[in-house]
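These notes concern the structure reproduced below.
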Ligand SMILES: NC(=O)c1ccc[n+]([C@@H]2O[C@H](COP(=O)([O-])OP(=O)(O)OC[C@H]3O[C@@H](n4cnc5c(N)ncnc54)[C@H](OP(=O)(O)O)[C@@H]3O)[C@@H](O)[C@H]2O)c1
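In the working numbering, the protein residues as written are 45 to 300.
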């Protein structure tokens, strides 16, 4: 990956922001897949709250373009090249962040829906499952393995795993099997990591944004990106006595 010196600078510098500072520096948040859609809106809302936002993007060109859009609104977000399916990029970013002072918030937002429209289980290809899991499950898993130590060392962390109601076991039905399986597994990851981090100051939660108008959600979706991002921002800025190991939509617990 290109050296993400911007991200390192983000963690080192900056003025205090009311309510979101650690004492020495503002909280640092990494949002994956933030060049568009719900991730972009999460980046915008976190920047508005005074966090130092690292805007993860598969290509720096897209990341810089997204960052420029926020700059036009007077908001700062540093583009970071991050393909969540690339373990080397993840490790390299974690090293840079460690050197620069750490990471406080991780939003595992990047996601793909690769099942064909109306795709049924009997037709699903193994390659579709593998590519879906690589982004939606193994990406968050590798990011958590790389970033959690930084959070635990500082005694503070907020992790948001962007899941979906399509991953809810209670509501499980047919269609988009690869995507459903990936989000159910992501929810399992949330529970495992929340259990492993109990008492460390790190809070780990899953959420569903609802059906949101993005490239993935399509133009018929009823929700705006602002509505889809709201719960993520709330979970990213929970107080120390906030929940961990939960599944939320609209700031309320939902069934697994
Ligand atoms: N929209 C909905 O109705 C809805 C509902 C439930 C859950 N969700 C979840 O919400 C999250 C965001 O969805 P969205 O609607 O905003 O989707 P979107 O508009 O399709 O955006 C997806 C984002 O993820 C990025 N991405 C994909 N693969 C990546 C990878 N390997 N590494 C890094 N970034 C990658 C994309 O980057 P590129 O631009 O490079 O492709 C893009 O920035 C996803 O996890 C999705 O499953 C969405």
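Glycine included, C-beta positions come from ideal geometry on N, C-alpha and C.
Exposure label - residue i; buried when at least 16 CB within 10 Å
{"i": "residue 165", "result": "exposed"}
{"i": "residue 299", "result": "exposed"}
{"i": "residue 295", "result": "exposed"}
{"i": "residue 266", "result": "exposed"}
{"i": "residue 258", "result": "buried"}
{"i": "residue 122", "result": "buried"}
{"i": "residue 101", "result": "buried"}
{"i": "residue 87", "result": "buried"}
{"i": "residue 167", "result": "exposed"}
{"i": "residue 62", "result": "Reliability of the predicted coordinates at residue 62 is poor, the pLDDT of 34 falling under 50, and the value obtained from them is presented with this limitation in mind. Exposed, because fewer than 16 other Cβ atoms sit within 10 Å of the Cβ of residue 62."}
{"i": "residue 263", "result": "exposed"}
{"i": "residue 213", "result": "exposed"}
{"i": "residue 105", "result": "exposed"}
{"i": "residue 140", "result": "buried"}
{"i": "residue 70", "result": "buried"}
{"i": "residue 146", "result": "buried"}
{"i": "residue 74", "result": "buried"}
Residue i: CB within 7 Å of a non-hydrogen atom of ligand 1
{"i": "residue 255", "result": "yes"}
{"i": "residue 119", "result": "no"}
{"i": "residue 268", "result": "no"}
{"i": "residue 250", "result": "no"}
{"i": "residue 231", "result": "no"}
{"i": "residue 74", "result": "no"}
{"i": "residue 225", "result": "no"}
{"i": "residue 296", "result": "no"}
Rounded straight-line distance, which links the Cα of residue j to that of residue i
{"i": "residue 185", "j": "residue 237", "result": "9 Å"}
{"i": "residue 81", "j": "residue 256", "result": "9 Å"}
{"i": "residue 115", "j": "residue 218", "result": "42 Å"}
{"i": "residue 48", "j": "residue 94", "result": "The pLDDT assigned to residue 48 is 44, lower than 50, so where the model puts this residue is not dependable, and the model offers no usable value."}
{"i": "residue 126", "j": "residue 211", "result": "25 Å"}
{"i": "residue 242", "j": "residue 148", "result": "16 Å"}
{"i": "residue 182", "j": "residue 281", "result": "25 Å"}
{"i": "residue 289", "j": "residue 234", "result": "6 Å"}
{"i": "residue 195", "j": "residue 172", "result": "33 Å"}
{"i": "residue 208", "j": "residue 291", "result": "10 Å"}
{"i": "residue 284", "j": "residue 240", "result": "17 Å"}
Interface flag, residue i vs chain D, CB-CB below 8 Å
{"i": "residue 260", "result": "Going by chain labels, chain D is absent from the structure shown, which holds only one protein chain."}
Check: If you pair each beta-carbon of the segment 108-121 with each one of the segment 132-146, do three or more pairs fall below 8 Å?
Finding: no
Margin query: I'd like to know if the segment 263-278 and the segment 212-228 are in contact, where contact means that at least 3 CB-CB pairs between them fall below 8 Å.
Written below: no
Next item on the list: Would you be able to state if there are at least three C-beta pairs under 8 Å between the segment 233-248 and the segment 197-206?
Entry: yes
Next item on the list: Can you check the segment 182-223 for any beta strand (DSSP E) of at least 3 residues that lies completely inside it and give the ranges in chain order?
Entry: 201-206
Item checked: Every unbroken beta strand (DSSP E) within the segment 117-154, with a cutoff of 3 residues, ordered by chain -> 121-125 and 149-152
Next item on the list: Let me know the beta strand (DSSP E) ranges lying completely inside the segment 82-123, each 3 residues or longer, listed in chain order.
Entry: 96-101
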